[in-house]
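**Q** Quick one: this structure, given as structure tokens, is what I'll be asking you about.
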Ligand SMILES: [Ca+2]
Ligand SMILES: [Ca+2]
Ligand SMILES: [Ca+2]
């Protein structure tokens, strides 16, 4: 098979298309599916972590299914932090788990064995916990615990590169 000039040009323009696609998440953000994700390096309380994500035009991650959950877990295997905030809380009504900033109950969950346990009646915010006892599943913890945020924002599928 020989490549005509026209085929080469088609391939080059396709490569250009995929390259520009990758720019639709801001620097330091990782794309998966229809969202961009930022794994923060600063330890913050749950609500400060949400504010941090808001400042970056996102929110603490809402994990809507197994695919997104698996993406997060695989990514965290290569990060040094063990505990990471996700945007789930029962701060309003005990044991009613809502994605923060919405009235959306968590339909998909991935609790570690024995969780959520509301330990000390003081655990209303959810972390993705990579420590051996939790095995990369979810745990409710105290909202004022300081740990790393996972932010999510929509993937911009137009050609506009989001700055921020
Ligand atoms: Ca999501
Ligand atoms: Ca609770
Ligand atoms: Ca717990």
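In our numbering, the protein residues as written are 18 to 181.
Beta carbons are placed, not taken as given, at the ideal position from N, Cα and C, and that holds for glycine.
Roughly how many angstroms lie between the CA atoms of residue 41 and residue 53, to the nearest whole one?
**A** Between residue 41 and residue 53, the C-alpha separation is close to 9 Å.
**Q** According to the neighbour-count rule (16 or more other Cβ atoms, all chains shown, within 10 Å of its Cβ), is residue 132 buried or exposed?
**A** Flag for residue 132 reads buried.
**Q** In or out: residue 66 buried (at least 16 other Cβ within 10 Å) or exposed?
**A** The residue in question, residue 66, is buried, as its Cβ has 16 or more Cβ neighbours within 10 Å.
**Q** For ligand 1, enumerate in chain order all residues having a CB closer than 7 Å to any of its heavy atoms.
**A** Output, sorted by chain position: 52, 78, 79, 80, 81, 85, 169.
**Q** So what's residue 104 in DSSP terms, helix, strand or just coil?
**A** Of the three classes helix, strand and coil, the one that applies to residue 104 here is strand, per DSSP.
**Q** What are the start and end residues of the beta strand (DSSP E) that includes residue 42?
**A** Where residue 42 is concerned, there is no enclosing beta strand (DSSP E), given that its DSSP letter is neither H nor E.
**Q** Using alpha carbons as the reference points, say which of 129, 106, 159, 62 lies closest to residue 120.
**A** Of the listed residues, the one whose Cα sits closest to residue 120 is 106.
**Q** Within its chain, find whatever has a CB closer than 6 Å to the CB of residue 161; leave out the 5 residues flanking it on each side and keep chain order.
**A** Result list for residue 161: 62, in chain order.
**Q** Nearer than 7 Å: is that true of the beta carbon of residue 134 relative to any heavy atom of ligand 3?
**A** At least one heavy atom of ligand 3 is nearer than 7 Å to the Cβ of residue 134, so yes.
**Q** Please tell me whether residue 94 and residue 164 are closer than 8 Å, where the distance is taken between their beta carbons.
**A** Result no, Cβ atoms of residue 94 and residue 164 do not sit closer than 8 Å.
**Q** For the alpha helix (DSSP H) that residue 70 lies in, which residues bound it at each end?
**A** Start and end: 63–72.
**Q** Whole angstroms is fine: what's the gap from residue 50's alpha carbon to residue 91's?
**A** Straight-line Cα distance between these residues: approximately 15 Å.
**Q** Considering only C-alpha positions, which residue in the set 103, 84, 70 is nearest to residue 147?
**A** Residue 147 has its Cα closest to that of 103, out of 103, 84, 70.
**Q** Given a threshold of 16 other Cβ atoms within 10 Å of its Cβ, counted over all protein chains shown, does residue 136 qualify as buried or as exposed?
**A** Under this definition residue 136 is an exposed residue.
**Q** Nearest-angstrom Cα distance between residue 127 and residue 159?
**A** Each residue's Cα considered, the two are about 18 Å apart.
**Q** Out of 73, 64, 98, point me to the one whose CA is closest to residue 145's CA.
**A** Among 73, 64, 98, the Cα nearest to that of residue 145 belongs to 98.
**Q** Within the present structure, is the beta-carbon of residue 44 separated from the nearest heavy atom of ligand 2 by less than 7 Å?
**A** Every heavy atom of ligand 2 is 7 Å or more from the Cβ of residue 44, so no.
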